[in-house]
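2 protein chains.
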Amino acid sequence: MIFQATFFYYFSDGEATSLPFAGKTTMIKCNKCGEVDAIAKSGIVRGKQRYHCKRCDYYFTQPSLLTPETHHQRRHQTTIMDIASALQISKSTVSRALQGHSDINENTRKAVLDMAHQLDYQPNLLALGLAKSRSYTIGIIVPEFINSFFPYIIIGAQQVANPAGYHVIICQSNESLETEIANTNVLMASRVDGVVASVTAETKSLDHFQKFQRAGIPLVMFNRICDGLDVSKVLVDDYDGAYRGVEHLIQQGCTRIAHLAGPQNLQVGKQRLRGYLDALRDYNLPVYDELIVYCNLTKTSAQAAARQLLDLPTPPDSIFGVNDPAAIQTILIAKSKGISIPNDLAIVGFSNEPTSALIEPGLTTLAQPLDEIGKTTVQFLLNEIEDDTILPQTEILKTQLIVRASSLRRR
Amino acid sequence: MIFQATFFYYFSDGEATSLPFAGKTTMIKCNKCGEVDAIAKSGIVRGKQRYHCKRCDYYFTQPSLLTPETHHQRRHQTTIMDIASALQISKSTVSRALQGHSDINENTRKAVLDMAHQLDYQPNLLALGLAKSRSYTIGIIVPEFINSFFPYIIIGAQQVANPAGYHVIICQSNESLETEIANTNVLMASRVDGVVASVTAETKSLDHFQKFQRAGIPLVMFNRICDGLDVSKVLVDDYDGAYRGVEHLIQQGCTRIAHLAGPQNLQVGKQRLRGYLDALRDYNLPVYDELIVYCNLTKTSAQAAARQLLDLPTPPDSIFGVNDPAAIQTILIAKSKGISIPNDLAIVGFSNEPTSALIEPGLTTLAQPLDEIGKTTVQFLLNEIEDDTILPQTEILKTQLIVRASSLRRR
DNA sequence: AAAATTATTGAAAACGATTGAAATCGCGTT
DNA sequence: AACGCGATTTCAATCGTTTTCAATAATTTT
């Protein structure tokens, strides 16, 4: 009452109201003492009007009036709390019942499980991950998945990861280093528990993968690796496969064997080249520099390389391609040039893409145990996740030579 | 001192200690009154020894002594708090600085950004999602990704989703309904902001997709849809494509045209069959029931269907396959039987798989704008995520007939 | 039947971010 | 020198779970 005299503290906010008097004066109540009269505007905070209560000398702003409706976001999925309040028990009990904790009364557990089912409860993986500091998610980085090579590996990977309770985030980098780096960041941010990766053809440094190591996130590389990181690896015996592929060409009577080689920053590229060279050497065949051309695993660069080989003054009598897609492009170009396969040109690829069996002539190639690569890789990773004292290990799987018409010369 | 007499309350925990006296007695101090002498073991709670203080009649257990070291889990990624304490400011300030909030001092912001970079800060998406009730993640469910059809769509999808700030979780169901259902659950649990899906060939009911609708999570179906759900859809004009494919066969002089049809629970299956029937009708060709056989889109069932057609007493002079993989299997079987393509048997597929251009003879087919399907689908989804008043809409994209040797008869 | 144990349940503090509201810091004005 | 006010910054509550420790109920032992 005393303060009613301080009339100048009244103010109008300009909004029409339905108050019986004045018709345009909104009362502001002090958040602390409840005073209504001795309130004055006092500046702006973060775009909101601030008030000052003279009585209790208190600055405040008007709380935004959010109804419980407004406040709760429109999308609401049932939580552990919903179950708890439906059952009039604490959320700890619900949590324990759901987790299958041993010291929960059987009846309680049953009730909780029933209610969870009834309310269609799905645990919030975000909250779970936050609480446990584990996401139960592993990341897979592959350079592409247009060819069926990596998809098959991914399927194998999922077959191991899912039963173990892990989800999989698939990232494909489109053979772009930049995207690959972005992918590593996404996986870091997603707090994956581990990562398996096969790098792009243009990846030369593994700096962006060291993030994982620094953060203590296990990493396993497969298939396409490059040097400089002390991690577990799952590979196929590229050297051996290449050797046997070239040996096969030699046995077919080829002597001028070319190699459509892969990028040398990748072990696959290096090892397959090495196998090629050693096979030639062991069989006392000369190595011609002009018969070794490189590609970066893209379709266009493979085509260019193939053309370069076939346009040589003295073209090769056979080509060992770094992988099937490259070999297939070679077949197409040879055919378009009217070169007869395998008699004028025998061809061997690497990895046994499904297409290689369909094309004509069928492509001789080295099959890789894709499923097994995926499974082994993830198994290594899970071991490291569960027990971080494990030392990096390397598994090398064997390839299998599949002979088809592209290299089989009639004697 | 008084309580020193109650000697029997002392106990030994069996561990050797370096106490000057006794050499094997660990003192337990009451958590409430600090008493050391009048403490007795009193049962086990959750596997931990419980004690009882005689003096204040209080039951308690020994708090596990976690050093800050032990407590922090071995894997630690930098958090907003790390930045805050490094800079001696509050975490709210850091958060606002990182978000680019306007009312942050420029120097502060710069310092925060620097420190964030220096500490290699990556926001914890789990925490972020929890706080904002949005995961900034969308889920993609596809039946398979061995063929390059879905991978191309996924790439298109990512090209729209990523720039918009969304990550993508890819789930493949391996054409198994059970896996598809599991996938929907994973996506629900991951609190994705939206889902785009293409169902398996065996999916007849969409009950498991209603979860999303109930939870208010936008859903857009593409390509393989089935009836019964009021959602946005992105399709190609299967009817039109089929009609034109069959029309092309008719124009090549075929009169006994068979259809290796897809499952009729899917719209693709239905519409392509309808287009086939209408084309025959419009050109006054008879429809023979025996010339329509169904497959479930797997390789083996496609092979069985193809065999069934080719083994008929009066085999067809041409086959319109529900998709390229089915048509390719048909080609292979026909070739193995010595049937000449296209003269004895003309073949048309649907979807223009890369393989279709490589096989011999090249497969005539209807190309779908895969990239565009992916982009449009995700665009629809993003619209619904941002603004949930949007009504379901349907986009139908055109196909393009690509004529290759498998159907081109010399006149 | 009191005491000791065991079996269950509850309360509260993390986890790492966002965000509404309050608190401080300066600096011209009275 | 106190005020008024904008510019920043800090505080504290939340999001949905887990998990530690305490509390209460039930059951055995003395």
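The listed protein sequences correspond, in order, to chains A and B. Numbering-wise, this note's numbering puts 441 at position 401 of the first sequence, and it's gapless, one number per residue. Numbering-wise, this note's numbering puts 295 at position 255 of the second sequence, and it's gapless, one number per residue. C-beta: ideal position from N, C-alpha, C; glycine also. Only a predicted model underlies this, so the values are computations on that prediction, with no experimental measurement involved.
What separation, rounded to the nearest whole angstrom, lies between the Cα atoms of residue i and residue j?
i: B:LEU406; j: B:TYR192; result: 16 angstroms
i: B:LYS150; j: B:GLY205; result: 23 angstroms
i: B:ALA201; j: A:LEU320; result: 50 angstroms
i: B:TYR283; j: B:LEU448; result: 17 angstroms
i: B:SER175; j: B:LEU421; result: 15 angstroms
i: B:GLU55; j: A:THR429; result: Confidence at B:GLU55 is low in this model, with a pLDDT of 34, below 50, so its placement is unreliable and no value can be given for it.
i: B:LEU306; j: B:GLU215; result: 13 angstroms
i: A:ARG444; j: A:ALA397; result: 8 angstroms
i: B:VAL388; j: A:GLN250; result: 50 angstroms
i: B:SER376; j: A:LEU441; result: 24 angstroms
i: A:CYS266; j: A:ASP357; result: 32 angstroms
i: A:ARG296; j: B:MET155; result: 59 angstroms
i: A:ARG450; j: A:LYS310; result: 32 angstroms
i: A:THR404; j: A:ASN223; result: 35 angstroms
i: A:ILE332; j: A:LEU300; result: 6 angstroms
i: A:GLU109; j: B:GLN253; result: Reliability of the predicted coordinates at A:GLU109 is poor, the pLDDT of 39 falling under 50, and the value obtained from them is presented with this limitation in mind. Rounded to the nearest angstrom, the two C-alpha atoms are 19 angstroms apart.
i: B:ARG312; j: B:VAL418; result: 25 angstroms
i: A:LYS438; j: A:SER130; result: 56 angstroms
i: A:HIS157; j: A:ARG264; result: 45 angstroms
i: A:GLN408; j: B:VAL152; result: 49 angstroms
i: A:LEU246; j: A:ILE210; result: 19 angstroms
i: A:ILE144; j: B:VAL260; result: 42 angstroms
i: B:PRO353; j: B:GLY256; result: 55 angstroms
i: B:GLN199; j: B:ILE180; result: 13 angstroms
Just to confirm, are residue i and residue j a CB contact at a threshold of 9 angstroms?
i: A:PHE360; j: A:LEU289; result: yes
i: B:PRO394; j: A:ILE186; result: yes
i: A:GLY302; j: A:ASN363; result: yes
i: B:SER272; j: B:THR434; result: yes
i: B:ASP278; j: B:VAL308; result: yes
i: A:ALA167; j: B:LEU127; result: no
i: B:GLN304; j: B:TYR334; result: yes
i: B:ALA298; j: B:LEU337; result: no
i: B:HIS248; j: B:GLU287; result: no
i: A:ILE178; j: B:GLN212; result: no
i: B:PRO258; j: B:VAL235; result: yes
i: B:PRO401; j: B:PRO432; result: no
i: A:THR416; j: A:VAL274; result: yes
i: B:ALA80; j: B:LYS94; result: yes
i: A:ALA345; j: A:ALA367; result: no
Run through chain B and tell me which residues come within less than 7 angstroms of residue i, C-beta to C-beta.
i: A:ASN457; result: As shown, chain A starts at 41 and ends at 451. That puts residue 457 of chain A outside it, with no answer to give.
i: A:GLY185; result: For the record, residue 185 of chain A in the displayed sequence is Phe; it is not Gly. Within 7 angstroms Cβ-Cβ: PHE185 and PRO191.
i: A:ALA255; result: ARG115 and GLN117
i: A:LYS377; result: Neighbours of A:LYS377 on chain B: none; closest Cβ ~16 angstroms, over 7 angstroms.
i: A:ILE210; result: ILE210
i: A:SER175; result: LEU166
i: A:ILE131; result: Looking at the sequence shown, residue 131 of chain A is not Ile but Lys. Near A:LYS131 there are no residues of chain B at all, since even the closest Cβ is about 15 angstroms away, more than 7 angstroms.
So with CB distances below 7 angstroms, who are the chain A contacts of residue i?
i: B:GLY169; result: LEU166
i: B:VAL226; result: HIS207
i: B:SER188; result: ILE186
Exposed or buried, what is residue i when buried is set at 16 or more other beta-carbons lying within 10 Å of its beta-carbon?
i: A:ASP233; result: buried
i: B:ILE436; result: exposed
i: A:MET121; result: exposed
i: B:GLU330; result: exposed
i: A:GLU218; result: exposed
i: A:GLY281; result: buried
i: A:HIS207; result: buried
i: B:THR243; result: buried
i: A:GLU146; result: exposed
i: B:TYR91; result: buried
i: B:GLN113; result: The predicted position of B:GLN113 is uncertain, since its pLDDT is 49 and thus under 50; no value can be drawn from it.
Given that residue i touches chain A, what residues does it touch there, using C-beta distances under 8 angstroms?
i: B:ALA229; result: GLN162, PRO163, ASN164 and LEU165
Against residue i, what residues of chain B qualify as contacts under a CB-to-CB distance less than 9 angstroms, listed in chain order?
i: A:LEU398; result: ILE368, ILE371, LEU372, THR395, LEU398, ILE399 and GLU400
Would you mind giving the Cβ-Cβ distance between residue i and residue j, rounded to the nearest angstrom? I have them listed as a contact below 8 angstroms.
i: A:PHE189; j: A:LEU410; result: 7 angstroms
i: A:ALA197; j: A:GLY414; result: 4 angstroms
i: B:ASN225; j: A:GLN162; result: 6 angstroms
i: B:ALA342; j: A:LEU165; result: 38 angstroms between Cβ atoms; not a contact.
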